[in-house]
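Report on the structure given below.
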Amino acid sequence: MTAARRSFADLVAEGAAVPTEGWDFSWFEGRATEARPSWGYARSAGERLAGAEAALDIQTGGGEVLAFSLGAAAPARPRLVAATEGWAPNTAKATALLRPQGVVVVAAPDDAPLPFADGAFDLVLSRHPVVPHWDEIARVLRPGGTYFAQHVGPASVFELVEYFIGPQPEAVRRARDPRRERAAAEAAGLEIAALPAERLRMEFRDIAAVVHFLRKVVWMVPGFTVEAYEPQLRALHERIEREGPFVAHSSRHLFDARKPL
């Protein structure tokens with residue numbers, strides 16, 4: 001006997017009720033998938049942490065990725081680890097998770113100068129920064145230090161974005177282009193050792209997953225609410241029920257950059 005299908009209203013209500021703090025995506029298990037980049041950022045960051053003396057994680061979210069990377073680095077780890085976060089609910093969550101591990105979590109707006117001295121760190125990490133502030137990254141790195149970070153690339157998950165808000169201008173589709181970011185990083189004085197990029201398959205298997213994703217990743221469909229987009233959500237629910245998962249593609253690139261000696 002097959003399980004009865006859940007109603008549109010029940011699924012939307014569930015997706016709208018799930019807390020959005022942090023970057024733990026375990027709730028999506030079984031209802032949405034995303035292929036992971038071949039370089040395995042969190043574990044690779046752990047390898048970098050194992051060889052660092054002082055490390056900074058920029059825009060740490062709820063601290064989940066940094067906590068994993070520190071675990072992967074054990075028993076070796078930097079003598080000093082700090083993290084910044086600009087959204088108050090995430091700052092609280094990151095502090096609760098990371099402080100017991102000896103990490104200093106600093107509340108700092110994403111668009112403000114980093115609250116650290118010049119050359120304070122030999123490793124700067126970041127997973128999916130909103131906007132990389134290259135001059136600040138270069139400033140807080142010691143000569144010979146490394147910026148190791150996974151960025152969101154151009155037109156990421158735009159199949160879903162454009163389903164809700166229509167075709168986007170070419171300038172918007174080309175934002176976050178790794179070639180432009182590379183030029184900006186080099187202008188700040190960094191040398192790029194590697195910059196691989198990949199597009200990765202995503203599947204949304206029910207409308208609850210779509211609702212939660214758009215509430216959690218708020219810049220995808222600015223101003224998203226269930227009420228404002230109810231007709232599109234209902235039509236997408238019916239499409240998923242009829243045709244199977246909604247397929248999109250994320251875009252990721254990995255910066256491995258160095259501040260010259």
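Counting in the UniProt record's numbering, the sequence shown runs from 1 upward without gaps. Here a beta-carbon is modelled for each residue, glycine too, at the ideal position from N, C-alpha and C.
Length of the line joining the Cα atoms of residue i and residue j
| i | j | result |
| --- | --- | --- |
| L261 | G144 | 5 angstroms |
| A74 | A52 | 12 angstroms |
| S250 | S26 | 18 angstroms |
| G86 | A108 | 5 angstroms |
| V18 | I207 | 13 angstroms |
| V247 | G119 | 44 angstroms |
| G244 | L236 | 10 angstroms |
| L233 | A54 | 46 angstroms |
| Y147 | G61 | 18 angstroms |
| R242 | I165 | 22 angstroms |
| R31 | W219 | 21 angstroms |
Proximity below 9 angstroms, CB of residue i to CB of residue j
| i | j | result |
| --- | --- | --- |
| L125 | D24 | no |
| F8 | E238 | yes |
| residue 348 | H151 | Given that the chain is displayed from residue 1 to residue 261, the structure contains no residue 348 and the question cannot be resolved. |
| A83 | L98 | yes |
Range of the contiguous alpha helix (DSSP H) that encloses residue i
| i | result |
| --- | --- |
| G15 | F8 to A17 |
| H212 | I207 to K216 |
Residue i, enclosing beta strand (DSSP E) - first and last residue
| i | result |
| --- | --- |
| H151 | L141 to V152 |
| L200 | A197 to F204 |
Residue i - DSSP class collapsed to helix/strand/coil
| i | result |
| --- | --- |
| V172 | helix |
| T91 | helix |
| F121 | strand |
| L56 | strand |
| F224 | coil |
| S44 | helix |
| D110 | coil |
| H253 | strand |
Quiz prompt | the region 175-186 in contact with the region 222-238 per 3-pair CB rule at 8 angstroms | solution = As far as the Cβ criterion goes, the region 175-186 does not touch the region 222-238, which means the pair count is below three.
Practice problem: Count the CB pairs spanning the region 62-70 and the region 42-51 that are closer than 8 angstroms, and state whether there are at least three. | Solution: Touching, per the Cβ criterion.
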